[in-house]
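Undergrad: Protein chains in written order, with UniProt numbering: chain P, 1 to 399; chain L, 1 to 399; chain R, 1 to 399; chain G, 1 to 399. Positions of the beta carbon are idealized from the N, C-alpha and C atoms, including for glycine.
4 protein chains.
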Amino acid sequence: MYSAGRQFLQIPGPTNTPLPILAALAKPTIDHRGPEFGALGREVLEGVKEVFATEQPVVIYPASGTGAWEAALVNTLSPGDTVLMYQSGWFATLWRKMAEKLGLKVELLEGDWRSGVDAARIWAVLAEDKAHRIKAVCAVHNETSTGVTSDIAALRRAMDTTGHPALLMVDTISSLGSIDYRHDEWGVDVTVGGSQKGLMLPPGLSFNAVSQKARAAGKTARMPRSFWDWEDMIAANVNGFFPYTPATNMLQALKVALDMLREEGLPNVFSRHKRAAEATRAAVRHWGFETQCAVDAEHSPSLTAVRLPEGHSADALRAQILTNSNMPLGNGLGQLADRVFRIGHLGDFHDLMVTGTLSGVEMGLAACGIPHRAGGVDAAMRSLAGNNAPGGLLKGSAA
Amino acid sequence: MYSAGRQFLQIPGPTNTPLPILAALAKPTIDHRGPEFGALGREVLEGVKEVFATEQPVVIYPASGTGAWEAALVNTLSPGDTVLMYQSGWFATLWRKMAEKLGLKVELLEGDWRSGVDAARIWAVLAEDKAHRIKAVCAVHNETSTGVTSDIAALRRAMDTTGHPALLMVDTISSLGSIDYRHDEWGVDVTVGGSQKGLMLPPGLSFNAVSQKARAAGKTARMPRSFWDWEDMIAANVNGFFPYTPATNMLQALKVALDMLREEGLPNVFSRHKRAAEATRAAVRHWGFETQCAVDAEHSPSLTAVRLPEGHSADALRAQILTNSNMPLGNGLGQLADRVFRIGHLGDFHDLMVTGTLSGVEMGLAACGIPHRAGGVDAAMRSLAGNNAPGGLLKGSAA
Amino acid sequence: MYSAGRQFLQIPGPTNTPLPILAALAKPTIDHRGPEFGALGREVLEGVKEVFATEQPVVIYPASGTGAWEAALVNTLSPGDTVLMYQSGWFATLWRKMAEKLGLKVELLEGDWRSGVDAARIWAVLAEDKAHRIKAVCAVHNETSTGVTSDIAALRRAMDTTGHPALLMVDTISSLGSIDYRHDEWGVDVTVGGSQKGLMLPPGLSFNAVSQKARAAGKTARMPRSFWDWEDMIAANVNGFFPYTPATNMLQALKVALDMLREEGLPNVFSRHKRAAEATRAAVRHWGFETQCAVDAEHSPSLTAVRLPEGHSADALRAQILTNSNMPLGNGLGQLADRVFRIGHLGDFHDLMVTGTLSGVEMGLAACGIPHRAGGVDAAMRSLAGNNAPGGLLKGSAA
Amino acid sequence: MYSAGRQFLQIPGPTNTPLPILAALAKPTIDHRGPEFGALGREVLEGVKEVFATEQPVVIYPASGTGAWEAALVNTLSPGDTVLMYQSGWFATLWRKMAEKLGLKVELLEGDWRSGVDAARIWAVLAEDKAHRIKAVCAVHNETSTGVTSDIAALRRAMDTTGHPALLMVDTISSLGSIDYRHDEWGVDVTVGGSQKGLMLPPGLSFNAVSQKARAAGKTARMPRSFWDWEDMIAANVNGFFPYTPATNMLQALKVALDMLREEGLPNVFSRHKRAAEATRAAVRHWGFETQCAVDAEHSPSLTAVRLPEGHSADALRAQILTNSNMPLGNGLGQLADRVFRIGHLGDFHDLMVTGTLSGVEMGLAACGIPHRAGGVDAAMRSLAGNNAPGGLLKGSAA
């Protein structure tokens with residue numbers, strides 16, 4: 001049943017898809033072996049490198065993001081290999097489960113789910129591993145379950161100081177296209193991305209940006225692989241084509257998404273997300289709540305996980321808000337179930353959507369009788385005003 | 001150039017068009033002489049009666065709303081006829097200009113642009129007009145320039161007590177489908193409507209709901225007419241067809257709009273608009289401003305015109321908000337130019353759009369240095385909460 | 001109910017709307033008073049001149065084509081004025097009825113519905129009219145009921161040789177954008193156009209291209225007019241705006257249509273229509289039927305009216321084809337009812353649509369037992385091959 | 001660049017996507033953890049069973065069809081297992097390559113690429129394999145490279161008579177939803193399907209229908225698997241959800257596709273494809289060419305591969321037709337490169353698209369100087385007429 005007005009889809013992804021992207025998705029399917037497709041393929045394969053900040057190949061899968069996790073592992077490792085994973089939250093946990101299902105050994109560093117990857121702990125483990133038993137370090141750039149962003153550059157530096165040859169694999173599913181990320185500069189070997197967050201597409205495409213070192217590792221890696229095989233992809237991609245049927249319409253939409261990001265300018269996109277996040281945290285602080293992220297420098301620009309006071313159900317709050325304001329919010333995952341709710345503020349998003357979203361939360365808090373200090377939206381407005389670039393952030397892109 | 005996020009189009013119409021309506025608009029054009037069209041025609045011609053609350057014919061023009069003003073006049077009057085018009089605001093003024101251009105004599109009752117039609121003054125004029133020189137009384141139900149709603153039922157009663165035979169013609173362009181209106185019950189002879197406000201369509205369709213008395217008047221009316229002629233329309237409409245090419249795709253979209261209104265239920269639609277209007281006025285009062293409408297019982301549920309303090313430019317404020325928040329607002333018209341700005345809160349609209357809209361205004365006031373008391377959005381949230389139906393207004397229509 | 005496959009909508013308009021135009025139609029409605037709209041307005045007001053081949057103003061109405069007929073008359077004439085009309089077919093007849101309803105006197109030259117306007121007869125009448133009682137000559141460029149195109153340049157020359165000051169008004173509803181037409185070069189005073197044929201839009205916009213002489217006539221013309229008034233329009237159009245709410249989304253779509261026509265190139269568009277028409281006639285001749293148009297030089301490039309042998313019902317044939325092939329065709333109008341059917345081959349149309357259309361007709365003829373020589377589609381293919389530009393007509397526009 | 005008219009996309013998939021499906025694809029993305037999605041998930045998971053003719057689980061992957069091949073193998077087999085594959089054409093070859101890349105041993109029965117799976121040869125091999133070394137038999141139901149359909153029921157019977165326990169895995173990528181197929185009745189263990197052919201969606205979803213026996217095999221199968229794991233999927237699917245982010249918008253579109261197939265009725269859908277195929281072959285025979293399929297009973301209803309006479313390039317012909325008629329056709333694959341071209345006649349397809357397609361081919365043959373007998377389209381029309389159900393095949397589904 002239709003509910004009046006545009007839904008505020010404030011889960012931390014999939015995100016609100018802009019109409020030009022939806023329109024591109026709805027264009028007729030084209031011949032994936034014809035010249036029109038070849039040109040499209042070359043364009044998006046080249047264009048997508050910019051959001052990874054890489055000059056190296058980016059493999060595009062006609063599959064959702066979880067598949068790209070699997071691709072990273074099977075293209076570089078052999079059965080029984082050991083990987084070092086840092087459990088920063090729920091999605092890090094899921095990636096670990098996948099690695100184990102695939103027959104890898106996982107050495108796990110438990111985190112507190114309130115802070116990012118501790119590079120020093122990684123350093124310590126690698127420094128110990130003289131035998132180079134550990135083949136790869138896996139980390140999540142932006143933990144979608146907690147709203148914590150990890151410092152990947154620092155992690156790389158820590159790894160480098162040990163001289164350990166392990167590959168560095170990073171999940172950027174909820175940061176790609178909304179938080180500054182640099183595959184090449186930071187020395188990442190495999191970056192895992194998806195279409196449905198900062199890229200503003202529906203789910204259905206995923207990515208591996210791959211370093212030379214990762215490809216070299218692939219030469220001796222013995223995990224069985226076919227659908228996910230990088231080399232077949234990279235070979236066919238030279239002319240803009242794919243070794244098997246690609247997700248044609250999603251690629252048509254990706255082209256538009258890349259055009260939009262380029263038009264706004266990635267630095268502007270990243271600033272816009274930071275402003276939204278700061279305004280959201282201003283409201284949360286004003287209400288008297290904690291964010292799940294406990295480290296100032298690590299707050300995620302793309303989502304905020306909010307802890308409710310003991311004795312209050314985050315799921316009941318979310319249900320109330322969904323019913324009354326037609327706004328879905330993210331739930332608490334794993335150990336955070338019913339304890340936190342998550343506000344997505346990423347993708348195709350602007351100031352009035354921030355305040356509209358926060359007003360929905362504030363009205364929900366009141367309706368559910370959860371003690372809080374009213375005025376959170378005001379606080380958010382002051383934050384937005386304070387962070388306003390001269391003349392308005394949107395000035396450059398006003399029609 | 002694309003500006004991130006969905007635009008808040010808060011002018012008092014055209015309004016935000018819901019996606020199902022846009023999708024219907026984009027369906028392939030069909031044969032306007034074929035059986036599929038006939039069924040569509042019958043359905044919308046019948047269905048649209050419900051929003052006028054009439055059992056009498058509603059003529060649908062493939063033309064924008066201004067055309068339906070002209071249709072009302074040329075179908076019922078003869079050159080040189082006198083009509084009595086009440087200048088409640090800018091749009092009443094435009095209708096008067098049209099009448100004069102068409103060669104009618106207009107007797108004008110000047111209003112103060114802050115209150116609705118004064119039925120007593122109409123009564124007085126008609127009571128004087130023993131010769132029945134006045135052929136029609138023209139009034140605007142909801143003045144889009146001022147945010148004032150007039151009591152049409154009271155106007156009709158006043159006319160009736162004089163026994164004067166003048167027709168009653170009412171403009172409902174910005175009230176149809178968003179404010180309770182009853183063509184039959186209130187004894188209106190011609191109701192003029194358009195597609196681009198409460199019906200949530202783009203501009204391009206307009207309507208005349210017509211009484212028996214109006215059609216009878218048409219028999220002797222000598223204004224030249226062809227395109228606007230009711231009788232050709234009504235005759236062809238019997239089978240769902242039109243005497244000339246109709247706006248096929250707009251009618252496809254109208255069908256969806258009517259389905260949506262019926263699904264939500266017109267009483268719920270009207271309540272939703274009243275809640276949004278009350279919340280908006282709560283913010284305006286909190287800021288310390290006046291609404292242009294000065295009569296409590298006459299506040300429009302579909303838009304609010306806000307008066308800025310002397311010495312402040314409403315147009316500068318609107319420009320700032322457009323640039324910084326990508327939100328167009330309505331400008332002051334005629335004597336209100338630069339003095340007021342207008343907030344549309346009609347059509348496909350819900351609570352978070354109310355608060356998002358008001359936050360854009362409040363941030364604009366701050367940025368422009370216009371003195372106001374912060375906290376207007378808070379006040380709006382309290383208003384929305386206070387007016388909430390048990391279990392949430394949207395409860396019934398949650399997906 | 002959905003019928004498998006894309007419908008072949010082969011009526012002579014409204015025509016198949018290309019997807020990019022449908023997508024533009026489905027873009028969100030924008031503020032018709034804002035800067036984005038102003039830019040759009042200026043662009044389409046300027047761009048549309050090219051399809052009329054004029055440097056003079058083109059007025060765009062938010063109304064369907066019939067309205068533009070009325071606009072032509074009320075902007076230039078006074079009640080009781082005489083106009084000379086040439087009854088080349090059904091639509092000429094309708095225009096005449098309109099003129100009479102509007103209180104004009106119509107002097108009618110009856111045609112045979114099988115040939116175009118006879119300029120010599122117009123010449124003769126004007127030459128007789130020493131008193132200049134006739135204020136305007138009205139002709140239809142492409143008769144949609146018969147598939148006959150008239151030579152407007154010749155008509156103008158004939159008028160000029162008499163020195164008679166009558167205005168020349170021409171209906172191009174089914175030729176604009178599909179048949180070469182030159183408002184300025186041919187000295188037309190008012191050209192009437194619509195959106196739903198060669199411009200490939202749905203119905204809902206119409207046009208008047210107006211000469212200086214026509215505007216001058218308007219100064220003394222006393223027909224009442226307001227909605228249709230040129231001068232209000234032209235004044236507001238200077239900045240890309242309109243005196244009353246325009247059909248925003250249709251204008252968004254018009255911009256795309258103009259881009260598409262420009263990209264293909266109008267001369268190529270015209271050639272493409274001629275090829276389709278010749279191929280269609282090749283099939284008709286092969287089947288052993290007559291076209292309604294009896295003059296070789298006057299065959300319409302945009303539609304073909306086909307005469308069935310006596311004793312066979314064109315309507316029954318059309319019904320069979322609609323049921324079996326999901327293809328609507330145009331019916332016979334007025335005196336041609338049930339005698340002819342009309343094949344539209346205009347707008348967004350190419351070779352395979354020609355042959356697909358003709359195969360639907362040929363299968364229908366067989367199914368209805370109408371005697372004909374099989375092989376019409378073959379004949380059409382030979383015609384298309386013979387008329388092929390070197391390298392393929394579509395070569396230039398292949399993606 | 002836009003080429004006038006709707007493209008005839010006559011490759012054997014991806015197929016022409018109907019507008020209602022494109023519209024569903026372009027609906028806003030919804031929360032894949034919310035109640036609206038749950039209802040959608042349950043509906044499509046249940047509904048899709050009908051096109052597989054199964055009561056058993058169908059796993060839906062957010063990945064293109066090739067992925068579902070991999071899923072079939074990794075869910076049921078262990079490294080080093082032997083599978084028996086029948087090389088009926090290019091896609092069978094690709095599946096074999098995948099199996100080998102994944103570390104399986106492939107025992108290959110070479111086919112002639114002109115006929116379907118020879119059940120007797122399978123029988124012979126299995127009858128020999130007393131040690132049950134062969135774990136699975138893999139066959140392609142409809143070889144997209146050759147236009148040959150294999151008799152899967154016969155294959156199953158042959159396998160059954162040997163008492164051999166091998167699983168039967170069948171690729172239905174280009175038959176699902178266009179050719180009668182019965183997962184349960186025919187005793188298939190894993191059926192592999194994709195979205196982009198008979199289901200009329202873009203590429204991006206794929207399917208495994210799985211038998212109890214296949215799931216049981218999975219319990220001991222040691223191929224590493226995570227993304228493709230059936231059991232995680234089936235467990236989450238109970239409530240309509242998925243273990244990781246699904247391709248939301250594709251599922252929205254799948255719902256519409258299933259509704260459309262159900263509305264037309266699968267038996268009618270299958271008949272429609274057979275009629276199109278027979279008409280196509282009538283044209284091919286008339287032209288004097290051979291189909292690649294050499295066995296009468298095995299002609300594919302969804303595509304036809306046409307052999308050109310020696311010395312003529314199929315690729316040159318396809319290029320000419322693409323340029324001149326904007327119609328992509330399928331190329332010859334593997335050993336058939338440049339020797340055959342393939343005509344897709346599947347998905348959202350009807351009679352006039354058949355004849356339009358064939359006319360494009362016939363005009364191309366003439367333009368390329370390839371000797372052929374003219375009149376193929378005529379022959380196709382006679383075939384269509386002869387196969388017409390009383391009253392027209394489309395009768396039931398006319399709007």
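May I ask you to list the residues that DSSP assigns as paired with residue 171/R?
TA: 140/R and 192/R
Undergrad: Which residues in chain P have a C-beta closer than 8 angstroms to the C-beta of residue 233/G? List them in chain order.
TA: Within chain P, no residue comes near residue 233/G; the closest Cβ sits about 11 angstroms away, beyond 8 angstroms.
Undergrad: According to DSSP, simplified to helix, strand and coil, what is residue 339/P?
TA: coil
Undergrad: Per the DSSP calculation, residue 58/G is bridged to which residue(s)?
TA: 209/G
Undergrad: Which chain R residues are close to residue 377/G, counting only those with a beta carbon under 8 angstroms from its beta carbon?
TA: 355, 359, 377, 378 and 381
Undergrad: Per DSSP, what kind of secondary structure is residue 27/P in: helix, strand or coil?
TA: coil
Undergrad: Please confirm if residue 220/L has its CB atom under 8 angstroms from at least one CB of chain R.
TA: no
Undergrad: Using the Cα positions of residue 207/L and residue 202/P, report the straight-line distance between them to the nearest angstrom.
TA: Spanning the two alpha carbons is a distance of roughly 39 angstroms.
Undergrad: Nearest by alpha-carbon distance to residue 252/L: which of 205/L, 217/L, 294/L and 227/L is it?
TA: 205/L
Undergrad: Roughly how far, in whole angstroms, is the beta-carbon of residue 63/P from the beta-carbon of residue 62/G, given that I think they are within contact range, below 8 angstroms?
TA: The C-beta separation of residue 63/P from residue 62/G comes to about 6 angstroms, placing the pair in contact by the 8 angstroms criterion.
Undergrad: If we define contact as Cβ-Cβ less than 8 angstroms, is residue 11/P a contact residue for chain G?
TA: Under the Cβ criterion of 8 angstroms, residue 11/P is counted among the residues facing chain G.
Undergrad: What does residue 344/R pair with, by DSSP beta-bridge criteria?
TA: 303/R
Undergrad: Alpha carbon to alpha carbon, how far is residue 92/G from residue 340/R? Give it in angstroms, no decimals.
TA: 54 angstroms
Undergrad: Verify the CB distance criterion: does residue 115/P have a CB-CB separation below 8 angstroms to chain G?
TA: no
Undergrad: Between residue 190/P and residue 159/P, what straight-line distance do the alpha-carbon atoms span, to the nearest angstrom?
TA: 15 angstroms
Undergrad: Name the chain R residues that come within less than 7 angstroms of residue 7/L, Cβ to Cβ?
TA: 28
Undergrad: Below 7 angstroms CB to CB, which residues in the same chain sit around residue 21/R once its five sequence neighbours on both sides are set aside?
TA: 200, 201, 253, 256 and 257
Undergrad: Please name the residue in 121/P, 101/P, 102/P and 104/P whose C-alpha comes closest to that of residue 110/P.
TA: 121/P
Undergrad: Is it the case that the region 171-190 of chain R contacts the region 320-329 of chain R, given that we only count it when at least three CB pairs across the two stretches are under 8 angstroms?
TA: no
Undergrad: With H, G and I counted as helix, E and B as strand and the rest as coil, what does DSSP make of residue 85/L?
TA: strand
Undergrad: Opposite residue 105/L in the DSSP bridges: which residues?
TA: 82/L
Undergrad: Return the bridge partner residues of residue 204/G from the DSSP annotation.
TA: DSSP lists no bridge partner for residue 204/G.
Undergrad: According to DSSP, is residue 148/R helix, strand or coil?
TA: strand
Undergrad: Look at residue 168/R and residue 217/R and say whether their C-beta atoms are less than 8 angstroms apart.
TA: no
Undergrad: For chain P, check one thing: does any of its Cβ atoms lie closer than 8 angstroms to the Cβ of residue 253/R?
TA: no
Undergrad: Can you give the Cα-Cα distance for residue 153/P and residue 187/P, rounded to whole angstroms?
TA: 8 angstroms
Undergrad: Excluding the five sequence neighbours on either side, which residues of its own chain have a C-beta within less than 8 angstroms of the C-beta of residue 33/R, listed in chain order?
TA: Cβ within range, chain order: 241.
Undergrad: Please state whether DSSP places residue 255/P in a helix, a strand or coil.
TA: The three-state reading of DSSP puts residue 255/P in helix, counting H, G and I together.
Undergrad: Counting only the same chain and skipping the five closest in sequence on each side, list residues whose C-beta sits under 7 angstroms from that of residue 78/G.
TA: Same-chain partners within the cutoff: 221, 222 and 223.
Undergrad: Could you say if the region 347-356 of chain R and the region 270-280 of chain R meet the contact criterion of at least three C-beta pairs nearer than 8 angstroms?
TA: These segments touch.
Undergrad: For the region 374-386 of chain L and the region 281-301 of chain L, state whether three or more C-beta atom pairs, one from each stretch, are separated by less than 8 angstroms.
TA: yes
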